[in-house]
Amino acid sequence: QDVSSSMSPNDSVDLSIKEEEIKWSDQDDLKFRVDAIKGLAALLNGEIDSAQTLFGGPNSCYAAVGNNQTENAAFTYGEYLHCTGDFPLATQMYEKVLEAASREDISGNLLAAGNMAPEEVSLGATCSYGQLLSHSGKFDEAEDYLTRALQKAEEQFGSNHPKVGMVLTCVARMYKLKAKSEGSSSIMVQEGLYRKALEVLKAPAINSEGKT
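In the numbering used here, the protein residues as written are 587 to 798.
The following block contains the structure:
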């Protein structure tokens, strides 16, 4: 789906940063994180070329993996690749982030990488990789990763946190794609998951639409 297809001018994200006022010497990690956040904002605004320039390509993002202060930027680049349809390279980025996260001690009081703490990067990468697998038709693997993401979210934030609701919607979406692809009964599972997600997210009940 075209990233900009559902955007309106009022949806644009204004993330103006006057770089000439910032001294980047000895702050490579900080600049990398700032550029990644700006790249994500450009992507949300439908500015694909600007986003690509800000991320700097796969080599610089590969170098960020394994660094608690820049790992979120690498994960964000994976999201960019995912959204723009480069599934093979997005897969590599997600896998590298997940591999690094599995080796790291994230129990300490670590500075958030970009806009996420390290444990959130692990959760986000697990969920996004599961989504990517479902988009690629690998539903068994997708179910495995999305189940892990759901367990991580519940352990970190509690069963009624909005992040749990968001992961539930991803799981439901996976079952919807699986049902469409295989003609299976997964649609019933999907409906139950959507209802649970709506409850967690405190959204109006499905059957309340149109009622006063």
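Every residue gets a Cβ at the ideal spot worked out from N, C-alpha and C, and that includes glycine.
By a C-beta neighbour count over all protein chains shown, 10 Å radius and 16 as the cutoff for buried, is residue i buried or exposed?
i	result
glycine 716	buried
glutamine 776	buried
aspartate 621	buried
tryptophan 610	Residue placement at tryptophan 610 is flagged as unreliable, the pLDDT there being 44, under the threshold of 50; a coordinate-derived value is accordingly withheld.
methionine 774	exposed
arginine 619	buried
asparagine 767	Note on identity: in this sequence residue 767 is serine, with asparagine being the wrong assignment. So serine 767 ends up on the exposed side.
serine 772	buried
asparagine 631	buried
Measuring only the C-alpha atoms, how far is residue i from residue j?
i	j	result
lysine 624	leucine 675	20 Å
leucine 736	threonine 639	33 Å
glutamate 727	valine 707	20 Å
lysine 738	threonine 712	9 Å
serine 722	glycine 664	15 Å
arginine 759	serine 636	30 Å
arginine 781	glutamate 740	17 Å
lysine 724	lysine 617	36 Å
asparagine 658	threonine 755	22 Å
glutamate 681	alanine 660	11 Å
aspartate 672	asparagine 746	34 Å
tyrosine 666	glutamine 678	13 Å
valine 753	glutamate 705	15 Å
glutamate 685	aspartate 730	16 Å
leucine 779	lysine 749	14 Å
alanine 687	leucine 626	21 Å
leucine 629	arginine 689	30 Å
phenylalanine 641	valine 683	16 Å
For the putative contact between residue i and residue j, defined by C-beta atoms under 8 Å, what is the C-beta separation to the nearest angstrom?
i	j	result
leucine 787	glycine 744	With 8 Å as the limit, leucine 787 and glycine 744 do not qualify as a contact, their Cβ atoms being about 14 Å apart.
glutamine 742	leucine 709	7 Å
serine 714	histidine 668	6 Å
leucine 784	valine 757	Contact doesn't hold; Cβ gap of about 13 Å is too wide.
serine 770	lysine 764	6 Å
isoleucine 634	threonine 662	Not really, about 15 Å apart at Cβ, beyond 8 Å.
**Request:** At 4 residues or longer, and completely inside the segment 711 to 764: list those alpha helix (DSSP H) runs for me, N to C.
**Result:** Those alpha helix (DSSP H) runs which fall completely within the segment 711 to 764 and span 4+ residues are 725 to 743.
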